[in-house]
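Asker: I have a structure I would like to understand better, so I am pasting it below and will then ask my questions one at a time.
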Amino acid sequence: MSYINDPREPPEEIVEQTPARIRAVRIINAVVHAVCWVFALVLIVHILLVFGEANPGNGFAQLIDQWSRAVSLGLRNLFTPEGIKPRTLFNDGLAALLWLIIGGVVTDLVSRIGLPGPKRVWYRRPLS
Numbered sequence: 001m002s003y004i005n006d007p008r009e010p011p012e013e014i015v016e017q018t019p020a021r022i023r024a025v026r027i028i029n030a031v032v033h034a035v036c037w038v039f040a041l042v043l044i045v046h047i048l049l050v051f052g053e054a055n056p057g058n059g060f061a062q063l064i065d066q067w068s069r070a071v072s073l074g075l076r077n078l079f080t081p082e083g084i085k086p087r088t089l090f091n092d093g094l095a096a097l098l099w100l101i102i103g104g105v106v107t108d109l110v111s112r113i114g115l116p117g118p119k120r121v122w123y124r125r126p127l128s
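In UniProt numbering, the protein residues as written are 1 to 128.
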């Protein structure tokens, strides 16, 4: 009868089968994905604070306002409807959506460039 922790048997060696290149692509994609989501969440929180009429003198509200200005992709005054709420919703909402699209495109490009793909076979037509 064999026990799981039998001291007479040597422990099994666990060998990771994932090559370093695939690990690196996964880490890069995770970082890009996380950064883009954080930027989008900052913009969404800013929209919620504006709609909730948060005190602009509050430290947290000021911090989120400054961060949202930094990650707004220059879209802060793209739409100029009357009122701060629709203006913030359209401008920051579009910037948040663009951050999510940018994250998806960049991670797709990194995967396509960094990961090994199927072998390509080039065929030549006979010269006849």
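Virtual Cβ for every residue (Gly too), placed ideally from N, Cα, C.
(1) Can you tell me whether M1 is buried or exposed, with buried defined as 16 or more other CB within 10 angstroms of its CB?
(2) In terms of residues, what are the limits of the alpha helix (DSSP H) holding S72?
(3) If you follow the alpha helix (DSSP H) that A96 is in, where does it begin and where does it stop?
(4) Note the first and the last residue of the continuous alpha helix (DSSP H) segment covering A34.
(5) Beta-carbon within less than 7 Å of I44's beta-carbon, same chain only, minus the 5 sequence neighbours each way: which residues are those?
(6) Go ahead and label E82 buried or exposed: buried means 16 or more other beta carbons lie within 10 angstroms of its beta carbon, across all protein chains shown.
(7) In chain order, what residues of the same chain lie with their CB nearer than 8 Å to the CB of V25, ignoring the 5 residues before and after it?
(8) Among residues of its own chain, excluding the 5 on either side of D92, which ones have a beta-carbon nearer than 7 Å to its beta-carbon?
(9) To the nearest angstrom, report how far apart S104 and F90 are at their CA atoms.
(10) By Cβ distance, which residues of its chain are closer than 7 Å to P19, with the 5 residues on each side in sequence left out?
(11) Can you list, in chain order, the residues of its chain whose CB lies under 7 Å from that of I102, leaving out five sequence neighbours each side?
(12) Return the CA-CA distance between R87 and G59, expressed in angstroms with no decimal places.
(13) So, with DSSP's three-state summary, where would you put L63?
Answerer: This is what the structure gives:
(1) Here M1 scores only 49 on pLDDT, less than 50, and its place in the model should not be relied on; the value that follows carries that caveat. Exposed, since its Cβ has fewer than 16 Cβ neighbours within 10 Å.
(2) No alpha helix (DSSP H) contains S72, which DSSP labels as neither H nor E.
(3) 84-114
(4) 20-51
(5) A96
(6) exposed
(7) V110, S111, G114, L115
(8) L43, H46, I47, S68, S72
(9) The amino acid occupying residue 104 in the given sequence is Gly; Ser does not appear at that position. Taking the straight line joining both Cα atoms gives about 21 Å.
(10) none
(11) C36
(12) 22 Å
(13) helix
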